[in-house]
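Data block below; observations after.
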Amino acid sequence: MRDVINKGVTEDDLIKSVRSAFELGWNNIKLYFMIGLPFEEDEDVEGIADLAYKVVDEYFKVPKDKRQKGLNVTVSTSSFVPKPFTPFQWFGQNTMDELYRKQRLLKEKIKSRFITYNWHETPISFLEGVFSRGDRRLTNVLIKAWELGCKFDGWQEFFNYEKWMKAFEECGVDPHFYATRERSLDEVLPWDFIDVGVSKEYLISEYKKAEKGILTPDCRQGCTGCGITKLLKGGKCFNE
């Protein structure tokens, strides 16, 4: 999955880093992951727990006189939200039921007293998915939700999912059309008229490479042909 999202980070990188931290006296490690990514399988979700256990194992490999007592590894997951102008802008976001299932799957895999699991609330992720790839029809929904009392939604105690769903219903808008629907690569997208420099052809190429787990190198190592150079002075890439 790290290759799918083009992270370019290996498991060895993480293990070496946490070992150095343990040897320097740190005993609290926070690991951040994302679930619901494109092309994700259940084994990828379970792999998050496996990796957390490897971090715990690495702690106990460090001599007692070099490590601090009281290990706590915190695993946090957020739910993937597709965004415009990215290779995954065509991807259908996981439904809330599917995200709940993956959260339960991971929670059941974590049994160690040294590991704490936290997760991002899926209704909020769903709304983020709707508005991240929405069009002008969502304007009325936004106004209606405000009229129904939806304010300060960034704070969990103020967030009211039912009011948002009522706003969509009263405006005759299906939120799943924006969030969970898979788009075809030739679909005309609401933001296609905006030129951010990176070509749509390049994003499609990156989407197909992600499906195969093929990494794209950092552009500082050589131009990858994204198209941004046409917006730069002299038409030169950053590494030139």
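According to the numbering used here, the sequence shown holds residues 1381 to 1620 in order.
Idealized CB from N, CA, C, for every residue including glycine.
message: I need the straight-line Cα distance from Val1398 to Asn1408, nearest angstrom please.
response: On the sequence shown, position 18 is the one that residue 1398 refers to. On the sequence shown, position 28 is the one that residue 1408 refers to. Spanning the two alpha carbons is a distance of roughly 10 Å.
message: With the cut-off set at 7 Å, would you say Thr1466 and Phe1413 are in Cβ contact?
response: Position 86 of the sequence shown holds residue 1466. Position 33 of the sequence shown holds residue 1413. No, the Cβ-Cβ distance between Thr1466 and Phe1413 is not below 7 Å.
task: Determine which residues share a DSSP beta bridge with Leu1583 and list them.
output: Locating residue 1583 in the sequence shown gives position 203, where the first residue counts as 1. Bridge partners of Leu1583 according to DSSP: none are assigned.
field: Neighbourhood of Pro1555 by C-beta distance below 6 Å, restricted to the same chain and skipping five residues each side
entry: For this step, residue 1555 is matched to residue 175 along the sequence shown. Short of 6 Å from the beta carbon of Pro1555, and not among the five residues preceding or following it, lie these beta carbons of its own chain, in chain order: Val1510 and Phe1548.
message: When you compare the CB positions of Leu1522 and Ile1428, do they come within less than 7 Å of one another, or not?
response: Taking the first residue of the sequence shown as 1, we reach residue 1522 at position 142. Taking the first residue of the sequence shown as 1, we reach residue 1428 at position 48. Cβ distance not < 7 Å, so Leu1522 and Ile1428 don't count as in contact.
- prompt: Relative to the C-alpha of Trp1406, which residue among Asn1520, Gly1514, Val1442 and Asn1474 is closest?
  reply: Here the question's residue 1406 lines up with position 26 in the sequence shown. The shortest Cα separation from Trp1406 among Asn1520, Gly1514, Val1442 and Asn1474 belongs to Val1442.
message: On the criterion of 16 or more Cβ atoms from any shown chain inside 10 Å, does Lys1592 qualify as buried, or is it exposed?
response: Numbered from its first residue, the sequence shown carries residue 1592 at position 212. Burial call: exposed.
task: Tell me whether Leu1451 sits in a helix, a strand or coil according to DSSP, three-state version.
output: For this step, residue 1451 is matched to residue 71 along the sequence shown. Coil.
- request: Would you mind stating whether Val1455 and Tyr1497 have Cβ atoms separated by less than 7 Å?
  value: As a working mapping, residue 1455 is identified with position 75 in the sequence shown. As a working mapping, residue 1497 is identified with position 117 in the sequence shown. Taking 7 Å as the Cβ cut-off, Val1455 and Tyr1497 qualify as a contacting pair.
message: On the criterion of 16 or more Cβ atoms from any shown chain inside 10 Å, does Gly1514 qualify as buried, or is it exposed?
response: As a first step, residue 1514 is located in the sequence shown; it is residue number 134 there, counting from the start. Looking at its Cβ environment, which holds 16 or more other Cβ atoms inside 10 Å, Gly1514 is buried.
- prompt: Between the Cα of Asn1520 and the Cα atoms of Glu1423, Trp1544 and Lys1396, which residue gives the shortest distance?
  reply: Taking the first residue of the sequence shown as position 1, residue 1520 is located at position 140. Per the Cα distances, Trp1544.
- prompt: In terms of alpha-carbon separation, which member of Ser1505, Glu1423 and Lys1482 lies closest to Phe1460?
  reply: Taking the sequence shown and counting its residues from 1, one reaches residue 1460 at position 80. It is Ser1505.
- request: Inspect the beta-carbon positions of Val1389 and Phe1419 and report whether they are closer than 7 Å.
  value: Residue 1389 sits at position 9 when you count from the first residue of the sequence shown. Residue 1419 sits at position 39 when you count from the first residue of the sequence shown. Not a contact, by the Cβ cut-off of 7 Å.
message: Give me, in chain order, the residues of the same chain whose beta-carbon lies closer than 7 Å to that of Ser1492; leave out the 5 immediate sequence neighbours on both sides.
response: What you label residue 1492 is simply residue 112 of the sequence shown in a count that begins at 1. Same-chain partners within the cutoff: Tyr1433 and Val1436.
- request: Verify whether the separation of the beta carbon atoms of Lys1473 and Trp1499 is less than 7 Å.
  value: Position 93 of the sequence shown holds residue 1473. Position 119 of the sequence shown holds residue 1499. At residue 1473 the sequence reads Gln, which differs from the Lys that was named. Result no, Cβ atoms of Gln1473 and Trp1499 do not sit closer than 7 Å.
- request: Would you check whether the ligand FAD has a heavy atom nearer than 6 Å to the C-beta of Ala1559?
  value: The ligand FAD is not part of the structure shown, which contains no ligands of any sort.
query: Are Glu1426 and Ile1395 close, meaning C-beta to C-beta below 7 Å?
result: Within the sequence shown, numbered from 1, the residue matching residue 1426 stands at position 46. Within the sequence shown, numbered from 1, the residue matching residue 1395 stands at position 15. Not a contact, by the Cβ cut-off of 7 Å.
For Leu1431 and Trp1470, the rounded distance between their alpha carbons: Locating residue 1470 in the sequence shown gives position 90, counting from the first residue. Locating residue 1431 in the sequence shown gives position 51, counting from the first residue. Distance from the CA atom of Trp1470 to the CA atom of Leu1431, rounded to whole angstroms, is 29 Å.
message: Please classify Glu1586 as buried or exposed, where buried requires at least 16 neighbouring CB atoms within 10 angstroms.
response: Residue numbering aside, residue 1586 sits at position 206 when the sequence shown is read from its first letter. With a 10 Å radius around the Cβ and a threshold of 16 neighbouring Cβ atoms, Glu1586 comes out buried.
message: Comparing C-alpha positions only, which one of Tyr1582, Gly1552, Phe1539 and Glu1567 sits nearest to Thr1502?
response: As a working mapping, residue 1502 is identified with position 122 in the sequence shown. Selected option, being the one with the closest Cα: Phe1539.
- request: Assuming Asn1386 and Leu1595 form a contact by the criterion Cβ under 8 Å, report the distance between their Cβ atoms to the nearest whole angstrom.
  value: Indexing the sequence shown from 1 puts residue 1386 at position 6. Indexing the sequence shown from 1 puts residue 1595 at position 215. Contact flag correct, Cβ pair sits at about 6 Å.
- request: Taking the CB atoms as reference points, tell me whether Lys1449 and Glu1403 lie closer together than 7 Å.
  value: For this step, residue 1449 is matched to residue 69 along the sequence shown. For this step, residue 1403 is matched to residue 23 along the sequence shown. No, they are not a contact pair.
- request: Would you mind working out which of Asp1424, Thr1609, Ile1490 and Met1476 sits nearest Tyr1541, comparing C-alpha positions?
  value: Position 161 of the sequence shown, counted from the start, is the residue given in the question as residue 1541. It is Met1476.
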